[in-house]
Amino acid sequence: MSLEDILEKIKKAVVNLDAENIQRLCREALEAGITPYEIIMRGFSKGLEIVGEKYEREEYYLAELVVAGEVVKEGMKILEPYLERGEVKKIGRVVIGTVKGDLHDIGKNIVKTLLRAVGFDVIDLGVDVPPEKFIEAVKKHKPDIVAMSALMTTTMNEMENVIKMLRENGLRDKVKVIIGGAPITKEFAEKIGADAAAEDAIDGVNICKSWVSEGDSCVRRIKAT
Ligand code: B12
789 MSLEDILEKI KKAVVNLDAE NIQRLCREAL EAGITPYEII MRGFSKGLEI
839 VGEKYEREEY YLAELVVAGE VVKEGMKILE PYLERGEVKK IGRVVIGTVK
889 GDLHDIGKNI VKTLLRAVGF DVIDLGVDVP PEKFIEAVKK HKPDIVAMSA
939 LMTTTMNEME NVIKMLRENG LRDKVKVIIG GAPITKEFAE KIGADAAAED
989 AIDGVNICKS WVSEGDSCVR RIKAT
């Protein structure tokens, strides 16, 4: 079986809500030398895209969205140990969360795992995070970066509320703000005063890395612990 075939099978397992075979397919893919990232981007994400389209066409309903999410989570359990590199030198600290009203966390969790893999200390606030909780976490953990995820056009505006509240609390110039999620664009990031919008998880991780390695004025390197 070619590498393309294996990735195609993983994509189809997500679309067909095949929780039974997803872990076996992920193991096969890793054994064949496919990277966890390729499995995520070309298998899981492509599959979830199709699930979303089916939902829009009313071929799938909420129950199927839930199961598709679970299938990916099962698959991620196999990939995560390959993404976590154990003891790595800490290069910075990120507070991450999915904004208020939004329960989507698959993308946010991928970003978290990759950030940890490259050496960030990541504080995950979870889903449906109100602006006050982001502010509280910034005060408490003093991160270099605040990262927010939103998957719905109806919740993305919450990101602006977090940025406004950072400003009101005199914290905006102490952190970089990166946003991501399917509906997020660079134009939106500019409009709401975020520092960057990520196209995907890797783009986001690269942007965060560039901020800490640039030694940006508001980015404080934390000591390896
Ligand atoms: C799975 C899913 C669910 C699952 C979520 C499970 C979970 N634990 O996350 C469940 C069933 C809970 C769900 C619920 C709902 N969903 Co839903 N869901 C999806 C689906 C199919 C996939 C989302 C996903 O995980 N994609 C894969 C990940 C990997 O992609 P991603 O999140 O975009 O993340 C990538 C990048 O964007 C980036 N990224 C993401 N966040 C961040 C953050 C940072 C900082 C960075 C750097 C990068 C980054 O990195 C990731 C990897 O590259 C999408 C369809 C779609 N095409 O997106 C609909 C979709 C998002 N859902 C939708 C809807 C309507 C709903 C519901 C309202 C349905 C309902 N009637 O109840 C509810 C809302 C619940 C709520 N309050 O949040 C709509 C949203 C439409 C809109 N208004 O914009 C979509 C687009 C489906 C559709 N086509 O209509 N959903």
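The numbering used here applies: residue 789 is where the sequence shown begins, and numbers increase by one. Cβ coordinates follow ideal geometry from the N, Cα and C atoms, glycine included.
Sequence-distant residues of the same chain with beta carbon closer than 6 Å to Val1007, five excluded per side: Taking the first residue of the sequence shown as 1, we reach residue 1007 at position 219. Here the model assigns Val1007 a pLDDT of 44, short of 50, so the residue's position is not dependable, and the following value carries that caveat. Excluding its 5 nearest sequence neighbours in each direction, Val1007 has C-beta neighbours in its own chain below 6 Å: Asp932, Trp999 and Val1000, listed in chain order.
Taking the beta strand (DSSP E) that Ile911 belongs to, which residues open and close that run? Walking along the sequence shown from the start, residue 911 turns up at place 123. Counting along the chain, the unbroken beta strand (DSSP E) around Ile911 starts and ends at Phe908 to Asp912.
Going along the chain, which residues of its own chain have a beta-carbon closer than 6 Å to the beta-carbon of Val882, five neighbours each way excluded? Mapped onto the sequence shown, residue 882 falls at position 94. So the list reads Leu903, Phe908, Val910, Pro931, Ile933 and Ala935, once near-sequence residues are dropped.
Quick check: the Cα distance between Lys888 and Ser790, rounded to an integer number of angstroms? In the sequence shown, the residue the question calls residue 888 occupies position 100. In the sequence shown, the residue the question calls residue 790 occupies position 2. In a straight line, the C-alpha of Lys888 is about 42 Å away from that of Ser790.
Assign Tyr848 to one of two classes, buried (16 or more other C-beta atoms within 10 Å of its C-beta) or exposed (fewer than that). The residue labelled residue 848 in the question sits at position 60 within the sequence shown. Buried, because 16 or more other Cβ atoms sit within 10 Å of the Cβ of Tyr848.
Endpoints, beta strand (DSSP E) assigned at Met936: What you label residue 936 is simply residue 148 of the sequence shown in a count that begins at 1. Run containing Met936: Ile933 to Ser937, per the beta strand (DSSP E) assignment.
Exposed or buried, what is Pro869 when buried is set at 16 or more other beta-carbons lying within 10 Å of its beta-carbon? The residue given as residue 869 occupies position 81 in the sequence shown. Exposed.
Spatial distance of Thr942 from Lys800 (CA atoms): On the sequence shown, residue 942 is found 154 positions in, with the first residue counted as 1. On the sequence shown, residue 800 is found 12 positions in, with the first residue counted as 1. So the alpha carbons of these two residues sit roughly 29 Å apart.
Rounding to the nearest angstrom, what Cα-Cα distance links Arg927 and Gly992 in this structure? Here residue 927 corresponds to residue number 139 of the sequence shown, with the count starting at 1. Here residue 992 corresponds to residue number 204 of the sequence shown, with the count starting at 1. The sequence as given places Lys at residue 927; Arg does not occur at that position. In a straight line, the C-alpha of Lys927 is about 23 Å away from that of Gly992.
Can we say the segment 803-811 touches the segment 847-864, given the rule of at least three CB pairs closer than 8 Å? In short, these stretches touch, since the Cβ pair count reaches three.
Would Ser833 and Thr886 be called neighbours here (beta carbons separated by less than 8 Å)? Position 45 of the sequence shown holds residue 833. Position 98 of the sequence shown holds residue 886. Contact: no.
Considering only DSSP beta bridges, list what Ile967 is partnered with. Here residue 967 is taken as the residue at index 179 of the sequence shown, counted from 1. Its beta-bridge partners are Met936 and Ala985.
In this structure, does DSSP put Ile798 in helix, strand or coil? For the purposes of this step, residue 798 is identified with residue 10 of the sequence shown, where counting begins at 1. Note: Ile798 maps to helix in three-state DSSP.
DSSP on Gly821, reduced to helix/strand/coil? In the sequence shown, counting from the first residue as 1, residue 821 sits at position 33. Note: Gly821 maps to coil in three-state DSSP.
Please indicate yes or no: does the CB of Met940 lie closer than 7 Å to some heavy atom of the ligand B12? By 1-based counting over the sequence shown, the position of residue 940 is 152. Yes, the Cβ of Met940 comes within 7 Å of a heavy atom of the ligand B12.
Pick helix, strand or coil for Ser1005, following the three-state DSSP scheme. As a first step, residue 1005 is located in the sequence shown; it is residue number 217 there, counting from the start. Because the pLDDT at Ser1005 is just 41, under 50, the model does not fix this residue reliably, and the point stays unresolved.
Where does Pro824 land, buried or exposed, given buried means 16+ other C-beta within 10 angstroms? Position 36 of the sequence shown, counted from the first residue, corresponds to residue 824. Buried.
Would you check if the distance between the CB atom of Leu939 and the CB atom of Ala970 is smaller than 8 Å? Translated into positions along the sequence shown, residue 939 becomes position 151. Translated into positions along the sequence shown, residue 970 becomes position 182. In terms of Cβ geometry, Leu939 and Ala970 form a close pair [threshold 8 Å].
Just the C-alpha distance for Asp916 and Asp890, rounded to the nearest angstrom, thanks. Taking the sequence shown and counting its residues from 1, one reaches residue 916 at position 128. Taking the sequence shown and counting its residues from 1, one reaches residue 890 at position 102. Cα to Cα, Asp916 sits roughly 5 Å from Asp890.
So the candidates are Arg830, Leu954, Val965 and Ile972; which of them puts its Cα closest to the Cα of Ile995? As a working mapping, residue 995 is identified with position 207 in the sequence shown. Comparing Cα positions, the closest option is Val965.
Can you tell me whether Thr973 is buried or exposed, with buried defined as 16 or more other CB within 10 angstroms of its CB? If you number the sequence shown from 1, residue 973 lands on position 185. It is exposed - the Cβ of Thr973 has fewer than 16 other Cβ atoms within 10 Å.
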